[in-house]
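> Please see the structure below; I have some questions.
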Amino acid sequence: MPARILDGAAAGAAIRAELKPRVDALHARVGRPPGLGIVLAGHDPGSEIYVRNKLRTAGDAGIRAELIRVAAEAPVGEVLATVAALNARDDIDGILVQSPLPAGMGDDAETRVIDAIDPAKDVDGFTPVNAGLLVQNRPGLVACTPSGVIELLDRSGIEIKGARAVIIGRSDIVGKPMALLLLHRHATVTICHSRTQDLPGVARTADILVAAIGKPAFVTPDFVKPGAVVIDVGINPVSDEARVRAWFPPESPRLAAFARHGTLTVGDVHPAVAEVAGAITPVPGGVGPLTIAMLLANTVRAAEARLRT
Ligand code: GUN
Numbered sequence: 053m054p055a056r057i058l059d060g061a062a063a064g065a066a067i068r069a070e071l072k073p074r075v076d077a078l079h080a081r082v083g084r085p086p087g088l089g090i091v092l093a094g095h096d097p098g099s100e101i102y103v104r105n106k107l108r109t110a111g112d113a114g115i116r117a118e119l120i121r122v123a124a125e126a127p128v129g130e131v132l133a134t135v136a137a138l139n140a141r142d143d144i145d146g147i148l149v150q151s152p153l154p155a156g157m158g159d160d161a162e163t164r165v166i167d168a169i170d171p172a173k174d175v176d177g178f179t180p181v182n183a184g185l186l187v188q189n190r191p192g193l194v195a196c197t198p199s200g201v202i203e204l205l206d207r208s209g210i211e212i213k214g215a216r217a218v219i220i221g222r223s224d225i226v227g228k229p230m231a232l233l234l235l236h237r238h239a240t241v242t243i244c245h246s247r248t249q250d251l252p253g254v255a256r257t258a259d260i261l262v263a264a265i266g267k268p269a270f271v272t273p274d275f276v277k278p279g280a281v282v283i284d285v286g287i288n289p290v291s292d293e294a295r296v297r298a299w300f301p302p303e304s305p306r307l308a309a310f311a312r313h314g315t316l317t318v319g320d321v322h323p324a325v326a327e328v329a330g331a332i333t334p335v336p337g338g339v340g341p342l343t344i345a346m347l348l349a350n351t352v353r354a355a356e357a358r359l360r361t
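Shown next, in the form of C-alpha cells:
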C-alpha cells in the first residue's frame, strides 16, 4: 500500500492562519506590524526563489518584510554593516541573512555574519546563543526547518515519544537541531553521516527517518523499515534527464514537469520509497512550506518578546 502523504502545504497554511490574530493584535497594540529584514547577497538562483517566497508569504501574513540586497562582489564587511544596522532598528524584529553567501566573501563569512546577528532577532535560530539554548531545552528561537518537521509530525498525529528516530545529515541548520528537538520529545535518536558504517542498516532501524543530506534520491527503499515515517528535507534541482528518467516511472507527472521546465526539484528520498514507507513528505509541498511558516512564527515570537510591556 502506498504511503500516506503528509501535506506540508496544508499544515503551513494552518500555522499561518493561527499566526494572523497574533500579528493583528501586535500591530494594533504597538501601531506597526512585525518587521522582518531579509539580507540577500548576490544572485544565487535558488536563494532568489526562496527569498521571493519568504517576502510574499510574510506580506500575506501581515508581516512587513524588507529586502536588503548586497552586491555579489561586496566584501563581507558590507553584510556585517547591514546586519548591525538591522540590529539597531526598532521596527525590525527579525533578521535573516540568506545562505549561501557569495564565495568571494571568504570561508568564514557565514560564521562571522551569524555571530553578528542579535540573538533576540535571530529568526533562523542559527546564532550560538539560540543553538545553545536548544541544546539545554530552554526557550529560544529554533531553526525553522527542524521545528517545522516537528509541527508536521504533531499535526499529522505521529507519536514521537519512544520512537526510534534516525537523521541522515549532521548540519548545524537541520541535522543537529532536528536531533535535539526529537530528543527533547523523548525519541531515541541516531545521527548518521557520510562516514556512518552500514548506513542503510542503521536507517532501517528508524520509526521516523529524516533525510537531510542534499543528495537527490539518495534514500532508496533498502533504507526504510516497512511502515516507517519518512521526512524528506532535500530540495535538489536536477537538470540531467537520464537521472530523472531513472527515478520516476514513465507515466509520472513529474516527468512531464521536467519536460516542461528542463529542470526538476527532487528530494533526498527516492520516489520508490513511497511503496515501503507508512507516511512520507512529498517534494515539493512537504517540509518546504513548514520552513517558511516557522520563519513567520519565529518573527512573531521575536516581536512579541521584544515588545512585551
Ligand atoms: N538557505 C537555505 N535555507 C535557508 C534558511 O533556512 N535560512 C537561511 N538564512 N538561508 C537559507
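Residue numbers for the sequence shown follow the working numbering, so the first one is 53 and each next one is one higher. Positions of the beta carbon are idealized from the N, C-alpha and C atoms, including for glycine.
1) Given a cut-off of 8 angstroms on the beta-carbon distance, is the pair A255 and V218 in contact?
2) To the nearest angstrom, how far is it from the Cα of A126 to the Cα of T163?
3) For chain D, find out if any of its Cβ atoms is closer than 8 angstroms to the Cβ of H95; answer yes or no.
4) Take R56 and list the residues in its own chain whose beta-carbon comes closer than 6 angstroms to its own, dropping the five residues that flank it on each side.
5) Can you give me the start and stop residues for the alpha helix (DSSP H) that I344 sits inside?
6) With a threshold of 7 angstroms (Cβ to nearest heavy atom), would T242 be considered close to the ligand GUN?
7) Specify, as a first and last residue, the run of the beta strand (DSSP E) that T240 falls within.
8) Using three-state DSSP, classify P154 as helix, strand or coil.
9) Let me know the secondary structure DSSP gives I317 once reduced to three states.
10) With DSSP run on the structure shown, which of helix, strand or coil describes G87?
11) Hey, is the stretch 346-361 in contact with the stretch 86-98, meaning 3+ C-beta pairs nearer than 8 angstroms?
12) Mapping DSSP to helix, strand and coil, what is A161?
13) Let me check one thing: in DSSP terms, what residues is A263 bridge-paired to?
14) Do L233 and P268 have their C-beta atoms within less than 8 angstroms of each other?
15) Identify, in the order they occur along the chain, each residue of the same chain with its Cβ nearer than 6 angstroms to the Cβ of T343, setting aside the five sequence neighbours on each side.
16) To which residues of the same chain is P154 closer than 6 angstroms at the C-beta, ignoring the five residues directly before and after it?
17) For V271, which option in D320, R312, S151 and T240 has the closest C-alpha, if you only look at C-alpha atoms?
18) Start and end of the alpha helix (DSSP H) containing G146?
So, from the data block:
1) Annotated as proximal: A255 and V218, with beta-carbon spacing under 8 angstroms.
2) When rounded, the separation of the alpha-carbon atoms in A126 and T163 is 17 angstroms.
3) No chain D appears in the structure shown, which is made up of a single protein chain.
4) Hits under 6 angstroms: A331.
5) V339 to R358 is the extent of the alpha helix (DSSP H) around I344.
6) In this structure, the ligand GUN has no non-hydrogen atom nearer than 7 angstroms to the beta-carbon of T242.
7) In the DSSP assignment, T240 falls within the beta strand (DSSP E) that extends over T240 to C244.
8) Residue state, collapsed to three classes: coil.
9) Before going further, note that residue 317 is Thr rather than Ile in the sequence given. Of the three classes helix, strand and coil, the one that applies to T317 here is strand, per DSSP.
10) The answer is strand: DSSP assigns G87 an E or B state.
11) Counting Cβ pairs under 8 angstroms, three or more are found: they touch.
12) It is helical.
13) The bridge partners DSSP lists for A263 are I220 and D284.
14) L233 is not a Cβ neighbour of P268, given a cutoff of 8 angstroms.
15) Result list for T343: C196, T197 and G200, in chain order.
16) Only A93, G94 and A124 meet the Cβ criterion.
17) Looking from the CA of V271, the closest CA among D320, R312, S151 and T240 belongs to D320.
18) No alpha helix (DSSP H) contains G146, which is instead part of the beta strand (DSSP E) from G146 to V149.
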